[in-house]
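With numbering that gives the first Met the number 0 as the guide, the letters of the first sequence map in order to residues 0 to 417. A quick write-up on the structure given underneath.
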Amino acid sequence: MPRAEPIKGVRGMRDLMPQERALWRTVETAATRVAQSFGYQEIVTPIVEHAELIERVGEDTDAVAKELYRFEDRGGRHLALRPEATAGLVRAYFEGHLNQGPQPARLFLIGPMFRYNRPQKGRYRQFFQFDVEAIGAESPALDAEVIELGATWLQELGLRDLRLELNSIGDEKCRPAYLELLRAYYRPLKAELHGECQRRLEKNPLLLLDCKVPQCQPFKAKAPRVTDHLCDACAAAWDGVRRLLDAAGIEYNHDPYLVRGLDYYTRTVFEFFPAQAAGSQDALGGGGRYDGLARAEGWPATPGVGFASGLDRVTELVEASGAEVIAAPAADVVVLADGGLDVAAAEVARLCRTARSVAVDYEPKSLRAKMRSANKLGARWVVLLSEAEAERKVVQLKDMASGEQVEVAWMDLPERLS
RNA sequence: GUGGCUAUAGCUCAGCAUGGCAGAGCACCAGAUUGUGGAUCUGGCUGUCGAGGGUUCAAAUCCCUCUAGCCACCCCA
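Set out below in structure tokens:
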């Protein structure tokens, strides 16, 4: 019978191995600490949502059409693996009655998201996001707050050379008129735009500003800017956000070409980049205001603003920045017993465990080999146990750094190790 | 979704052009060291050469298909 192929991991999905987790943990704990310091509370929402929640929200964008993990469950429900956190968070905000508590609800979430992309560097089909949302209030101070929160987190991770790009895309009052201006500007140029942009012109002209194809670039400079055509409320919010960022000492560039392709996004849009990165590919995180999202989901109109960041890229950058993350050894103490002493070894380990992390080497190998693995594990102490010693309820306790070895009674181990 | 490159021992890779015994380093195991780690030395184990098909007396090597990985494009709600 032919040997079966080993079953490999699923394409685009990766394991975060123990040695990587040390780095990830520092990134995640910093996220948690910073979010909590801004008064945000952790929330966990399901990885699976109704496909409709995502689809209605991302209506006929390429992204949803091609990159959503959709499936049917055994009950015939059309479900999807969440591709981002906000839609589910807004849903939870209503279903969990946070809309009846103090506003805004300040929430954060760290967890896996799924997009059916072709995998490549820094892009996985399962990836992780840190997501922060302030739902239920429209003060521009909250826009500045989530920006400051994100910036604080990235800086705490040692990513100091950041560039913050900022823009406003208006709202349902002022944007329609602006889009008409934009169409009017671009219509005579239609033939010179690349194919995708020709289609965008009538359907979603805002995306013309975001196009990176060389042939479309020359026309951007003279295109009308949305920030010159904001209604009074949006203009006031735009001023407010910038005033607050100035006061917080957060530098930003006004990027008039930073836009979003979905209607429910309103006003503030922002993205963080590493300072040296020229491309728009390497955003470390971004976000903005989505006052139309709750409505799109079928809930009462409710404002919200958020920040999201891909941890896969952030950890990569933190690592590249040379930050020393020292992985703790798997165990401080390793118990090495002669063959047949498993029960005694387990009991000794139990005693040591009250003071230190302990692993037992049960392998039927030579003592020399066990010493070597204890050394590789980075153990600080080794506890040696022979049959004669087990009968006397003592062990040899060896300090791996100094090489010193002393006989210790079992009962004294916790004290000796603490 | 499109294109380029790649796949050989547990890991990193050589071998492929021009078909002819399956290799190296690391890791692992053992010994030098009569139960005691790190350094050194000696020895040993490890293979469906990604999968399937084709050409050939003969395929890791040439051809086709598939799968997976990397890189770029695209996308990033």
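Ideal Cβ positions, reconstructed from N, Cα and C, are used throughout, including at glycine.
For the region 232-276, the full-length beta strand (DSSP E) segments reaching 3 residues or more read 265-273 along the chain. A distance below 8 Å between beta-carbons, with the five flanking residues on each side excluded, links L158 to the following residues of its chain, in chain order: P273, L283, V313, L316, V317, S320. Annotation: the continuous beta strand (DSSP E) that includes W380 extends over 380-384. Cα atoms of R122 and E144: separation of roughly 28 Å, rounded to the nearest angstrom. In the structure shown, V9 falls within a coil segment according to DSSP collapsed to helix, strand and coil.
Residues of the same chain with their beta carbon placed closer than 6 Å to that of E51 are lacking, with the five preceding and five following residues left out of the count. Under DSSP, the beta-bridge partners assigned to Q40 are L106. Straight-line measurement puts the Cα of A21 at about 32 Å from the Cα of Q395.
In terms of Cα proximity to R224, the closest of D290, R174, E195, I53 is R174.
Every unbroken stretch of the alpha helix (DSSP H) spanning 4 or more residues and falling wholly within the region 333-406 is given here in chain order: 341-351, 366-376, 386-391. Per DSSP, L88 is one residue of the alpha helix (DSSP H) stretching across 85-94. Bridge partners of Q125 according to DSSP: F113.
Distance from the CA atom of N252 to the CA atom of G286, rounded to whole angstroms, is 15 Å.
When beta bridges are read from the DSSP output, I134 appears opposite A104, G303. The DSSP assignment places 139-155, 174-185, 194-202 as complete runs of the alpha helix (DSSP H) inside the region 130-202, in order along the chain (cut-off: 4 residues).
At the C-beta level, E270 and E164 come within 7 Å of one another.
Judged by beta-carbon spacing, L208 lies within the 7 Å limit of V258, meaning their Cβ atoms are closer than that value. Excluding the 5 residues flanking it on each side, L80 has same chain C-beta neighbours closer than 7 Å at I46, V47, Y68, F113, in chain order. The C-alpha of I168 is placed about 21 Å away from the C-alpha of R186. In the same chain as H193, and ignoring 5 residues on each side of it, the C-beta atoms closer than 8 Å to its own belong to C210, V212, Q214, C215, in chain order. Taking C-beta separations shorter than 7 Å and ignoring five residues to either side along the sequence, the partners of Q197 in its chain run K189, following chain order. If you draw a 10 Å sphere on the C-beta of G339, you find fewer than 16 other C-beta atoms in it, and that means exposed.
Closest by C-alpha distance to L310, out of R355, E19, D341, is E19. Under DSSP, E71 forms a beta bridge with H77. The shortest CA-to-CA distance from W237 to any of R266, T25, T151 is the one to R266.
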